[in-house]
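Enquirer: If you scroll down you'll find the structure; I have some questions about it.
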Ligand code: PMP
Ligand code: GLN
């Protein structure tokens, strides 16, 4: 059959590539971002309980009211902001579907979307699939900061949306109060929407707090803000997340949501709602992951790979320029085959595969896994 591809030239996601290579080479997988420890057994019991209690049919289209209420309570507790669970919270099939749908909701053929690179790999294909054009703003290592003035100069009459991600995958940086205030001022007199991907909101370290687009009224009114329970509760395979967005945007988002998934699985929603009644379940996350980050960084002191600061997420970038001038993809392939540790080349997060001689390692792993990976990387 002849067909015209909607994503011509699209490569297989780097996460699939590296996880497959890790498996084939029997290497430790610090590439794809997922924990290699299980989620809380209490959460599993709660899912089981809801299944055996017969909660196995469709949930309401926007999500169960129990879970949406708990999300609204969490937002009040963390950010002191009131969102209406009925009209501003929608449960989605992971953050991925929330991102895809948000872009579908507002981007039309010919529109431009500013994407800050290195960028998570699902943004650009989603833009292309609605006939939009992704316009890249490129952050450069080693500090990967945004120069808002330069970014502002990219705005024109075709700009429909800007996508931000904080804490940031893959650079492990985060936006602060000043960044978001500057962005708010930049967008003040425009009709530009904001997609704020905040899936790592709980993974912020060194006594800092996550700053959300929700905390800036002039940003929030134009925002689609996406979250992931997979990241938060160590259950990436459950593929459940949510969107927070003002009522007018939510109403439009749901027109599409009802025809992409209709609703998300019921027993997991009900289990999460009960589990979230205990705020400690998410409040202890920064401490939990900061310990892992510090253990890993300490063990990596013996390695020639040089760590860049990790302010948030469960990743750290490492500079390998002291030992190799290979391209990032070649370097991580060598690492997987020879050192038996798989990593992600940061070049995969740039449309033009910009090379910074840095790789991303994920520290959402058991302590013994992190120590063994660091031991292997110290022999380079
Ligand atoms: N955004 C970013 C920045 C991510 O790292 C991920 C990976 N979890 C997602 C979105 C997708 O999240 P989910 O697995 O809930 O679809
Ligand atoms: N978010 C995870 C990462 O960046 C994995 C996402 C995926 O496998 N699609 O590694």
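Numbering (the working numbering), first residue to last: 10 to 389. We put the beta carbon where it would ideally sit given N, CA and C, even for glycine.
#1: Measure the Cβ-Cβ separation of residue 211 and residue 99 and say whether it is below 9 Å.
#2: For residue 142, is the beta carbon positioned less than 8 Å from some heavy atom of the ligand PMP?
#3: Pull up the distance between the alpha-carbon of residue 13 and that of residue 285, whole angstroms please.
#4: Looking only at its own chain, which residues have a Cβ that is under 8 Å from the Cβ of residue 161, when we skip the five neighbours before and after it?
#5: Under 8 Å: does the beta carbon of residue 131 sit that close to some heavy atom of the ligand GLN?
#6: Return the CA-CA distance between residue 250 and residue 354, expressed in angstroms with no decimal places.
#7: Go ahead and label residue 342 buried or exposed: buried means 16 or more other beta carbons lie within 10 angstroms of its beta carbon, across all protein chains shown.
#8: Taking the alpha-carbon positions, what's the residue 386 to residue 82 distance?
#9: Secondary structure at residue 110, three-state DSSP: helix, strand or coil?
#10: May I have the straight-line CA-CA distance separating residue 16 from residue 134, to the nearest angstrom?
#11: Report yes if the CB atom of residue 357 is closer than 9 Å to the CB atom of residue 23, and no otherwise.
#12: Keeping to the same chain, check which residues put their C-beta closer than 6 Å to that of residue 219; ignore five residues upstream and five downstream.
#13: Count Cβ pairs between the region 64 to 76 and the region 291 to 303 that sit closer than 8 Å; are there 3 or more?
#14: Taking the straight line between their C-alpha atoms, what separation do you get for residue 262 and residue 145?
#15: Kindly provide the chain-ordered list of residues whose Cβ lies closer than 6 Å to any non-hydrogen atom of the ligand GLN.
#16: Give the secondary structure of residue 311 by DSSP, where H, G and I count as helix, E and B as strand, and everything else as coil.
#17: What's the call for residue 19, buried or exposed, on a 16-neighbour Cβ count within 10 Å?
#18: Quick one: give me the first and last residue of the beta strand (DSSP E) that residue 170 is part of.
#19: Give the range of the beta strand (DSSP E) segment to which residue 197 is assigned.
#20: May I ask you to verify whether the region 102 to 109 touches the region 266 to 284, counting CB pairs closer than 8 Å and requiring at least 3?
#21: Rounded to whole angstroms, what is the Cα-Cα separation between residue 348 and residue 36?
#22: Relative to the alpha-carbon of residue 174, which residue among 202, 126, 200 has its alpha-carbon at the smallest distance?
#23: For the ligand MN, any of its heavy atoms closer than 8 Å to the Cβ of residue 185?
#24: Have a look at 153, 226, 233, 51 and flag the residue whose alpha-carbon is nearest the alpha-carbon of residue 206.
#25: Would you check whether the ligand PMP has a heavy atom nearer than 8 Å to the C-beta of residue 113?
#26: Are residue 376 and residue 242 close, meaning C-beta to C-beta below 9 Å?
#27: Determine, using beta carbons only, whether residue 277 and residue 56 come nearer to each other than 9 Å.
#28: In this structure, how does DSSP classify residue 229 when only helix, strand and coil are distinguished?
#29: Would you check whether the ligand PMP has a heavy atom nearer than 8 Å to the C-beta of residue 209?
#30: Relative to the alpha-carbon of residue 370, which residue among 316, 240, 106, 46 has its alpha-carbon at the smallest distance?
#31: Who are the near neighbours of residue 34 in its chain, counting only those whose CB is closer than 7 Å to its CB and skipping five residues on each side?
#32: Thinking C-alpha only, which one of 231, 380, 333 is nearest residue 314?
#33: Quick check: is any heavy atom of the ligand PMP less than 8 Å from the C-beta of residue 99?
#34: Relative to the ligand PMP, is the shortest distance from any of its heavy atoms to the C-beta of residue 353 smaller than 8 Å?
Expert: Short version:
#1: As a first step, residue 211 must be located in the chain shown, where it is residue number 202. As a first step, residue 99 must be located in the chain shown, where it is residue number 90. Going by C-beta atoms, residue 211 is not nearer than 9 Å to residue 99.
#2: Looking up residue 142 in the chain shown gives position 133. Residue 142 Cβ: outside cutoff for every heavy atom of the ligand PMP.
#3: As a position in the chain shown, residue 13 is number 4, starting the count at 1. As a position in the chain shown, residue 285 is number 276, starting the count at 1. Cα-Cα distance, rounded: 46 Å.
#4: As a working note, residue 161 is residue 152 in the chain shown. Once the five neighbours on either side are set aside, the close Cβ partners of residue 161 are 195.
#5: Residue mapping note: residue 131 aligns to position 122 of the chain shown, counting from 1. Because some heavy atom of the ligand GLN lies under 8 Å away, the Cβ of residue 131 counts as near it: yes.
#6: By 1-based counting over the chain shown, the position of residue 250 is 241. By 1-based counting over the chain shown, the position of residue 354 is 345. Taking the straight line from one Cα to the other gives about 26 Å.
#7: What you label residue 342 is simply residue 333 of the chain shown in a count that begins at 1. Answer is buried; the Cβ neighbour count reaches 16.
#8: For the purposes of this step, residue 386 is taken as residue 377 along the chain shown, with counting starting at 1. For the purposes of this step, residue 82 is taken as residue 73 along the chain shown, with counting starting at 1. Cα to Cα, residue 386 sits roughly 43 Å from residue 82.
#9: Counting from one through the chain shown, the residue named residue 110 turns up at place 101. Residue state, collapsed to three classes: helix.
#10: The count along the chain shown starts at 1 and reaches residue 16 at position 7. The count along the chain shown starts at 1 and reaches residue 134 at position 125. When rounded, the distance between both Cα atoms is 7 Å.
#11: Looking up residue 357 in the chain shown gives position 348. Looking up residue 23 in the chain shown gives position 14. A contact, by the Cβ cut-off of 9 Å.
#12: Counted from its first residue, the chain shown places residue 219 at position 210. So the list reads 210, 213, once near-sequence residues are dropped.
#13: no
#14: To locate residue 262, count along the chain shown from 1; it is residue 253. To locate residue 145, count along the chain shown from 1; it is residue 136. C-alpha separation (whole angstroms): 25 Å.
#15: 22, 24, 41, 42, 178
#16: The residue labelled residue 311 in the question sits at position 302 within the chain shown. Residue state, collapsed to three classes: helix.
#17: Start at 1 with the first residue of the chain shown, and residue 19 comes out as number 10. With fewer than 16 Cβ atoms within 10 Å of its Cβ, residue 19 is classed as exposed.
#18: Residue numbering aside, residue 170 sits at position 161 when the chain shown is read from its first letter. Per DSSP, residue 170 belongs to the beta strand (DSSP E) from 168 to 174.
#19: Working through the chain shown from its first residue, we reach residue 197 at position 188. Run containing residue 197: none; DSSP gives neither H nor E here.
#20: yes
#21: In the chain shown, residue 348 corresponds to position 339, counting from 1. In the chain shown, residue 36 corresponds to position 27, counting from 1. Roughly 8 Å between the two C-alpha positions.
#22: Indexing the chain shown from 1 puts residue 174 at position 165. Answer by Cα proximity: 126.
#23: Ligands displayed in this structure: the ligand PMP and the ligand GLN; the ligand MN is not among them.
#24: Here residue 206 refers to the residue found at position 197 of the chain shown. Among 153, 226, 233, 51, the Cα nearest to that of residue 206 belongs to 233.
#25: Numbered from 1 along the chain shown, position 104 holds the residue referred to as residue 113. No, Cβ of residue 113 sits at least 8 Å from all heavy atoms of the ligand PMP.
#26: Against the chain shown, residue 376 aligns to sequence position 367. Against the chain shown, residue 242 aligns to sequence position 233. Cβ distance not < 9 Å, so residue 376 and residue 242 don't count as in contact.
#27: For the purposes of this step, residue 277 is taken as the residue at position 268 of the chain shown. For the purposes of this step, residue 56 is taken as the residue at position 47 of the chain shown. Yes, they are a contact pair.
#28: Sequence index remark: in the chain shown, residue 229 carries index 220 (1-based). Here residue 229 sits in helix by DSSP.
#29: Translated into the one-based positions of the chain shown, residue 209 becomes position 200. Under cutoff, so the answer is yes.
#30: Walking along the chain shown from the start, residue 370 turns up at place 361. Ranking 316, 240, 106, 46 by Cα distance to residue 370 puts 316 first.
#31: Here the question's residue 34 lines up with position 25 in the chain shown. Around residue 34: 345, 346, 349.
#32: Taking the chain shown and counting its residues from 1, the one referred to as residue 314 is at position 305. When each option's Cα is compared against that of residue 314, the closest is 333.
#33: Residue mapping note: residue 99 aligns to position 90 of the chain shown, counting from 1. Outside the cutoff, so no.
#34: In the chain shown, counting from the first residue as 1, residue 353 sits at position 344. No, since every heavy atom of the ligand PMP falls outside the 8 Å radius drawn around the Cβ of residue 353.
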